[in-house]
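**Student:** Before we start, here is the structure in question, set down as structure tokens.
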Amino acid sequence: MILIVTIVSKEYLVNLIRIAKLRGIFVAQQNIKLRAEKLSFYYGPAQALYDIDLEVESNSVMALIGPSGCGKSTFLRCINRMNDIIPNVRAEGDLKIDDESIFKPNFDVTQLRRNVGMVFQKSNPFPKSIFENIAYGLKINGVRDRYHIEKTVEESLKRTALWDEVKDRLDDSAMSLSGGQQQRLCIARTIAVEPKIILMDEPASALDPISTQKIEELILDLKKNYTIVIVTHNMQQAARVSDYTAFFFMGKLIEVNKTEVIFTKPEKQMTENYITGKFG
Amino acid sequence: MTTHLELELQDLTRKIMEMADVAIESVEESVESLKNIDVKLAERVIQKDSVLDKLEIHIDEECSRILVTKQPAAADLRLIIAILKSNTDLERIGDLATNIARETIRLEGKSLLKPLIDIPRMAELCVSMIKMAFRAILERDIDAAKSCISIDKQVDELNMQINRELFAFMMEKPTTMTQAFGLIMVAKALERIGDHATNIAERAVYFIEGQDIRHQE
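These protein sequence lines map, in sequence, to chains A and B.
Numbering follows the working numbering, with no gaps: position 177 of the first sequence is 195.
Numbering follows the working numbering, with no gaps: position 9 of the second sequence is 27.
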């Protein structure tokens, strides 16, 4: 009797989860790569983030949207502790990657930045050859095997769809590439060291539409292997590339949900006003 | 400040309302033509169908244009989806009114089996349903949408009742077969019009609340 009840309730539970998934209801995710818990952040006396609770699933793209100064870039820079280089900053609460706090004492920040790659708005290749730009990260990580380095350079360039464009001029300066190519080179450089998470701060806002499309295609390809958090001012871009979207306003996380929900039926009026262009 | 998108959406809403008015007129006039076997009025209804066809194409084009150029989101996006789908329903309502008008033309020179009571009653209900569905969209009035959906049952019941009555006529007097069958088709057309009005009301609910309430029974 007990056995039957157990089987029935298990099936019932499985069905419930299936229905919830079908209906797009947010089911508690098993595989959380990044978790912010009551994260607050201060620049001196000014509070920039207020009690942010946010989870980012593995192999997904999370878009952070919101008007300028809303805290989305500050949040992004907390993830690889890049804010540490600014004087008088302070964080409260916690941020965990694979359930490990990145704020715990003696935490290896260098290792963190190896695990969390970052791509900026303005492409910033090193003033070196195309090959060296990608090989550099491997070399400072102690890789000496020439064959391994060459193979990784080629693979990284292939994964960023740059290989065919540059394979005959790997020794040329990276500065000779176009803006869009430079940005893809920076992404190739980031993935060469196999990070867990890639942060992107408006990676396509300085690019033409064709280069933008290539970057967006790349983001969709990269999520198979990485977890991506992207800050964008371009709402359509957020809708196109992300699985989840988080809306920030004045340092607070107003709403986070599946991207399709945020862009068709957001829960909060403030989110609706922002994405329909009524303020921002 | 009214944005360009808001102005475009206001204009689009005005156009679908215009189309709804034409469709309502067609339904009213088609049944009126049948009641009085007024062939001229019936022909006018048939001619009017091309107006609805053109409006359907125009509104479709407007919706695609706004989707592409303004990339609306949230309630704005839902409004366009609701209009895009209601557009098809209105065009179908126009076609069904045309079917009723053709029945009038078939009856030219003949008299009705009996004065029509339930068919005009059905038409009145259908017209009020269409009006409620569009008021729901125009004024974001969820109650209007729900009232519209609830009236559909009455339309269905009237259809059944008309069918029973006309079957009795046919059994009693087989010579009435042709006309009775034609009137059954008219009732069926009105019943379909009620279904289309329900569809529009369901889209109004989707627009207002973001809930898809179709196929829930």
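The C-beta atom is built at its ideal place from N, Cα and C for all residues, glycine as well.
Are the CB atoms of S223 of chain A and H251 of chain A within a distance shorter than 8 Å?
**Tutor:** Going by C-beta atoms, H251 of chain A is nearer than 8 Å to S223 of chain A.
**Student:** Could you check whether D170 of chain B and G212 of chain B sit closer than 8 Å to each other, using their CB atoms as the reference points?
**Tutor:** In this structure, D170 of chain B lies closer than 8 Å to G212 of chain B by Cβ.
**Student:** Taking 6 Å as the limit between beta carbons, can you name the residues of its chain near S129 of chain B, skipping five residues before and five after?
**Tutor:** Excluding residues within five positions, none has a Cβ falling inside 6 Å.
**Student:** For chain B, find out if any of its Cβ atoms is closer than 8 Å to the Cβ of Q231 of chain A; answer yes or no.
**Tutor:** So, not an interface residue.
**Student:** Residues bridged to A81 of chain A by DSSP?
**Tutor:** In DSSP, A81 of chain A forms a bridge with A:I248, A:T263.
**Student:** Starting from M218 of chain A, follow its DSSP beta bridges and name the residues at the other end.
**Tutor:** M218 of chain A pairs with A:V137, A:I248.
**Student:** In chain order, which continuous runs of the alpha helix (DSSP H) of length 4 or greater are located wholly inside the region 96-161 of chain A?
**Tutor:** Listed in chain order, they are 127-133, 148-158.
**Student:** Cβ closer than 9 Å: which chain A residues qualify as neighbours of L23 of chain B?
**Tutor:** T294, G295, listed in chain order.
**Student:** Output, in chain order, the set of chain A residues within a Cβ distance shorter than 8 Å of Q197 of chain B.
**Tutor:** The premise fails here: Q197 of chain B is roughly 50 Å from chain A at the closest Cβ pair, so nothing lies under 8 Å.
**Student:** Within this structure, are the beta carbons of T245 of chain A and K214 of chain A separated by less than 8 Å?
**Tutor:** In contact: T245 of chain A and K214 of chain A (Cβ atoms closer than 8 Å).
**Student:** How would you write the range of the beta strand (DSSP E) that L271 of chain A sits in, first residue to last?
**Tutor:** Counting along the chain, the beta strand (DSSP E) containing L271 of chain A begins and ends at 270-276.
**Student:** Let's see if you can read the secondary structure: which residues bound the alpha helix (DSSP H) around K297 of chain A?
**Tutor:** Rather than Lys, the amino acid found at residue 297 of chain A in this sequence is Phe. That residue, F297 of chain A, is in no alpha helix (DSSP H); it is neither H nor E in DSSP.
**Student:** Can you tell me whether S86 of chain A sits near the ligand GTP, meaning its C-beta is under 7 Å from at least one heavy atom of the ligand?
**Tutor:** The ligand GTP is absent from the structure shown, which contains no ligands of any kind.
**Student:** Confirm, please, whether the CB-CB distance from G295 of chain A to L184 of chain B is below 8 Å.
**Tutor:** No, the Cβ-Cβ distance between L184 of chain B and G295 of chain A is not below 8 Å.
**Student:** Does any C-beta atom of chain A lie closer than 8 Å to the C-beta of L95 of chain B?
**Tutor:** Yes, L95 of chain B lies at the interface with chain A (some Cβ there is under 8 Å from its Cβ).
**Student:** At least one CB of chain B closer than 8 Å to the CB of F265 of chain A: is that the case?
**Tutor:** Answer no: the Cβ-Cβ gap between F265 of chain A and chain B never drops below 8 Å.
**Student:** Count the other CB atoms within 10 Å of the CB of G312 of chain A; is the residue buried (16 or more) or exposed (fewer)?
**Tutor:** No statement about residue 312 of chain A is possible, as the shown extent of chain A runs from 19 to 298 and does not include it.
**Student:** I103 of chain A: buried (16+ other C-beta within 10 angstroms of its C-beta) or exposed?
**Tutor:** Under this definition I103 of chain A is an exposed residue.
**Student:** Can you give me, in chain order, the residues of the region 97-122 of chain A that have a beta carbon less than 7 Å from any beta carbon in chain B?
**Tutor:** Under the 7 Å Cβ criterion, the region 97-122 of chain A contributes no residue.
**Student:** Looking only at its own chain, which residues have a Cβ that is under 7 Å from the Cβ of Y60 of chain A, when we skip the five neighbours before and after it?
**Tutor:** A66, V107, R108, listed in sequence order.
**Student:** Which chain B residues sit within Cβ distance under 9 Å of F138 of chain A?
**Tutor:** Chain B residues near F138 of chain A: none, gap ~26 Å exceeds 9 Å.
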